[in-house]
């Protein structure tokens with residue numbers, strides 16, 4: 001009986017799933033059916049608009065060419081009419097002169113005849129009939145203004161609907177991932193001058209290899225790209241990879257997507273480890289700020305317990321170092337004047353880069369790396385397990401590199417934003433002006449164990465930028481100027 005119920009239950013489940021599939025399929029069909037009606041109406045409207053535009057262009061051309069013919073008619077008529085008037089006047093003058101000459105033949109007096117003959121000779125010399133060009137200045141032909149539309153007519157007769165564009169092809173080797181930008185390059189499998197634009201889609205992912213049909217992140221769209229190349233900028237590389245795909249569009253339709261390509265976009269991502277930071281540091285997202293009131297309420301409770309049953313007031317120094325795990329948790333990791341907060345990710349190999357900006361009027365701060373076993377009272381740069389550059393704007397400004405309680409003054413302009421480059425494999429820690437990529441200082445060392453980003457702040461604050469690739473300028477600098485940190489040899493170390 002139980003087995004039959006289980007079998008029936010499986011059948012019911014299967015039918016329910018199939019029922020849901022059919023419902024979804026019916027919805028898809030209904031949506032597609034409605035889409036066919038809407039899209040066909042839209043296509044007819046677009047086609048009518050295209051033909052109306054063509055008719056409008058032909059009408060404009062007809063009007064323009066007709067005006068040209070009319071202007072030519074006026075010009076030729078004017079020139080021929082002028083010639084006709086001049087010839088008519090010349091003919092009248094010639095006829096008058098001819099009549100005068102005929103009459104002169106009847107003169108009997110020799111003196112009178114000589115006088116008449118001279119007049120006739122003078123008038124013949126000046127007669128307009130002998131100065132006129134006996135050739136029309138214009139012809140009656142207008143055929144040179146006629147247009148031959150035979151080729152255009154054939155083209156129009158061969159009009160066909162635009163085909164669906166083919167899928168573009170992306171070659172991962174042609175694409176470029178550098179300086180937190182991704183340049184995608186593609187090509188069309190065949191020459192097509194009817195392509196109007198391209199649509200690029202991309203999404204971040206942590207899955208290597210072929211893109212998955214469904215991923216935890218949605219595709220982002222860049223539309224109306226006119227070339228076969230596009231650069232994505234302003235990216236934060238908070239995933240290991242990026243999927244990209246492209247489709248071509250003409251005025252009729254969008255084609256299929258290209259085969260997706262997966263590009264590697266690895267970068268070092270970390271945050272401040274707020275749970276273990278000094279009590280006087282307020283940590284929020286990518287920022288840390290000095291908070292002089294940070295442990296005040298807690299210290300009052302601790303003082304009250306210590307003073308119960310005895311006289312005297314404990315020293316502030318002792319009160320600030322009393323452990324109370326039940327209340328403070330990990331916030332006693334650093335205490336005293338070690339106003340320190342570490343990164344929540346460690347590094348044991350590879351090259352990593354991040355940037356730090358000090359808030360305005362920050363009095364004192366340190367930026368560097370340290371072993372995870374940094375002591376609770378230790379200050380960055382004062383132990384052999386921490387390396388940093390220290391900025392002091394209190395009373396007298398100083399800018400120095402520190403390690404193992406040794407300091408080297410840096411004779412460079414203090415930048416607003418500092419880039420940190422940590423090469424665990426090459427054994428060096430470099431600091432750069434994040435804007436100009438000018439080298440500030442390099443530690444040469446062999447890290448014997450994993451390190452974590454480390455920060456110390458007093459009277460001010462820092463903001464952190466991670467998810468950054470090692471800048472190409474820094475990579476080039478490291479390749480061509482490896483060992484340039486020799487100027488800081490006094491702080492070079494062997495850390496085992």
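Residue numbers (the UniProt record's numbering): 1 to 496. Cβ atoms here follow ideal geometry from the backbone N, Cα and C, with glycine treated the same way.
Distance from the CA atom of residue 394 to the CA atom of residue 236, rounded to whole angstroms, is 34 Å. Using a C-beta cut-off of 8 Å, the region 120-136 makes contact with the region 78-95, since at least three inter-stretch Cβ pairs fall below that distance. Around the beta carbon of residue 422, a 10 Å sphere encloses 16 or more other beta carbons of the protein chains shown; the residue is thus reported as buried.
In the three-state scheme derived from DSSP, where H, G and I count as helix and E and B as strand, residue 371 is classed as strand.
Boundaries cannot be given for residue 134, as no alpha helix (DSSP H) includes it and DSSP labels it neither H nor E.
Taking the C-beta atoms as reference points, residue 347 is found no nearer than 7 Å to residue 464. Judged by pairs of C-beta atoms under 8 Å, the region 441-449 does not touch the region 331-338, as fewer than three such pairs exist. In the displayed model, residue 164 falls within coil according to three-state DSSP, outside both helix and strand. Taking C-beta atoms under 8 Å as the contact rule, residue 374 and residue 462 fail to qualify, at a distance of about 18 Å. Ranked by how close their Cα comes to the Cα of residue 224, the residues 202, 248, 214 and 217 have 248 in first place.
Annotation for residue 285: 271 place their beta carbon closer than 8 Å to its own, counting only its chain and skipping 5 residues before and after. Rounded to the nearest whole angstrom, the CA to CA distance from residue 260 to residue 191 is 21 Å. In this structure, residue 73 lies away from residue 137, with their beta-carbon atoms at least 7 Å apart. According to DSSP, residue pairing for residue 257 in a beta bridge does not occur. Contact check for residue 458 against residue 339 passes: the beta carbons are separated by less than 7 Å.
Minimum Cα-Cα distance from residue 357 among the listed residues 478, 69, 274 and 287 corresponds to 287. Pairing residue 392 with residue 364 gives a Cβ-Cβ distance under 7 Å. Judged by pairs of C-beta atoms under 8 Å, the region 469-479 does not touch the region 374-383, as fewer than three such pairs exist. Taking 7 Å as the cut-off, the beta carbon of residue 211 is found no closer than this to the beta carbon of residue 186.
Burial is judged here by how many other beta carbons sit within 10 angstroms of a residue's own beta carbon; residue 61 has fewer than 16 and is exposed. Beta-bridge annotation (DSSP): residue 442 is paired with 430. The shortest CA-to-CA distance from residue 68 to any of 147, 207 and 94 is the one to 147.
Around the beta carbon of residue 162, fewer than 16 other beta carbons lie within 10 angstroms, which makes this residue exposed. Counted as a single uninterrupted DSSP element, the beta strand (DSSP E) harbouring residue 223 occupies residues 220-225.
Straight-line measurement puts the Cα of residue 244 at about 13 Å from the Cα of residue 208. The C-beta distance from residue 219 to residue 202 rounds to 7 Å, short enough to meet the 8 Å contact threshold. Each residue's CA atom was taken as its position, placing residue 126 and residue 108 some 27 Å apart.
Boundaries of the beta strand (DSSP E) harbouring residue 342: 340-342, taken from the DSSP string.
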